[in-house]
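What follows is a set of notes on a single structure, which appears directly below.
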Amino acid sequence: MQRSNLFGISFSVTNYEELTAQIIERVVTDPAPQGAVAALAVHGLMEGYNDPVLRQQINSLEWVVPDGQPVRWALNYFNSLQLKRRVYGPALMLHLLERAAAKQVPVFFYGSKQTTLDLLQQRLLQKFPGLQIVGAQADRFRESTEAEKQQDRDTITRSGAKLVFVGRGCPRQEKWVAENKAHIPAILVAVGAAFDFHAGTVKQAPAWMQDNGMEWLYRLVQEPRRLWKRYLVTNTQFLFVFLRHLLRKK
8 MQRSNLFGIS FSVTNYEELT AQIIERVVTD PAPQGAVAAL AVHGLMEGYN DPVLRQQINS
68 LEWVVPDGQP VRWALNYFNS LQLKRRVYGP ALMLHLLERA AAKQVPVFFY GSKQTTLDLL
128 QQRLLQKFPG LQIVGAQADR FRESTEAEKQ QDRDTITRSG AKLVFVGRGC PRQEKWVAEN
188 KAHIPAILVA VGAAFDFHAG TVKQAPAWMQ DNGMEWLYRL VQEPRRLWKR YLVTNTQFLF
248 VFLRHLLRKK
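Going letter by letter, the sequence shown gives residues 8 to 257 in the working numbering.
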């Protein structure tokens, strides 16, 4: 799969169909699959841009996909690509779950609150009746001890899961999948706010806002206290970095 660099982050040039097929083939044919996926919007891209350690962790992942429309637009502009769609974490999760249900691939959910996980599992089993959910673990919302990290790895491994969806928020989830991908025999998929969206605890932006790169504004209106600083800082910095690269290109 082709890779393309944007602001120091190496993105996979792919789409839902190709990526889903690759991941499902690996978990079906390999008895102990390993690998990790991260879907990066502007926030994740800028976190990696600013933090060399995180950037190295993100670039170590097998698949890094453009979750946000501005990221896709920038990739297309600076690298002369023809990406017609972003690879949105919540949508990728549904693509993978649909195939997992059809192929009887066991799945595990890691992160978020227990109430969200309970609602998530109920809704997904209604949507995908054949889905094999073999475990779910809520986030501790703090840094885990070394003993807890090993305990989590053991729990997921014993569950037999081959796909592990991770919803811990950026950049905690990217760090987690990078640190654990060599220790857990499964494909780890960082999907951001997908747990809340699919559980129904947070509303998704209308399609027209998503298509026009305005999803951040919809989420900001919903959670202004939590998200105002993130979007003020990262969106502004993204524009400055974009303009700087634009001037260099010209």
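Glycine included, C-beta positions come from ideal geometry on N, C-alpha and C. No experiment lies behind these values; they were computed from the predicted model shown.
- Assigned with DSSP and collapsed to three states, Leu13 falls in strand.
- In terms of CA proximity to Tyr23, Pro73 leads the group Phe115, Lys110, Glu181, Pro73.
- Under the 8 Å Cβ criterion, the region 54-67 does not count as touching the region 25-37, having fewer than three qualifying pairs.
- Distances from the CA of Ala108 to each of Gln128, Pro136, Leu90, Ser87 were compared; the closest alpha carbon is that of Pro136.
- Note on geometry: alpha-carbon atoms of Leu126 and Leu104 lie some 16 Å from one another.
- Nearest to Phe115 by C-alpha distance, out of Asn83, Glu181, Leu131, Ile140, is Ile140.
- Remark: three or more beta-carbon pairs, one from each stretch, lie closer than 8 Å, so the region 193-208 and the region 43-61 are flagged as touching.
- Residue environment analysis places Phe247 among the exposed positions, since fewer than 16 neighbouring C-beta atoms fall within 10 angstroms of its C-beta.
- The DSSP-derived three-state label of Pro231 is helix.
- With the rule of 3 Cβ pairs closer than 8 Å, the region 203-216 does not count as touching the region 141-151.
- With fewer than 16 other Cβ atoms from the protein chains shown falling within 10 Å of its own Cβ, Asp218 counts as exposed.
- For Trp70, the pairing in a beta bridge is given by DSSP as Val44.
- When secondary structure is reduced to three states using DSSP, Ala197 falls in the strand class.
- For Ala185, the closest alpha carbon among the candidates Asn12, Gly55, Ser11, Thr27 is that of Gly55.
- Restricting attention to Phe202, Arg33, Ser11, His190, the CA atom closest to the CA of Lys110 is found in Arg33.
- Rounded to whole angstroms, the separation of the alpha carbons of Thr243 and Ala206 is 31 Å.
- In the DSSP secondary-structure assignment, Phe116 is bridged to Ala143, Phe172.
- Pairing Leu47 with Ala168, the inter-Cα distance amounts to about 24 Å.
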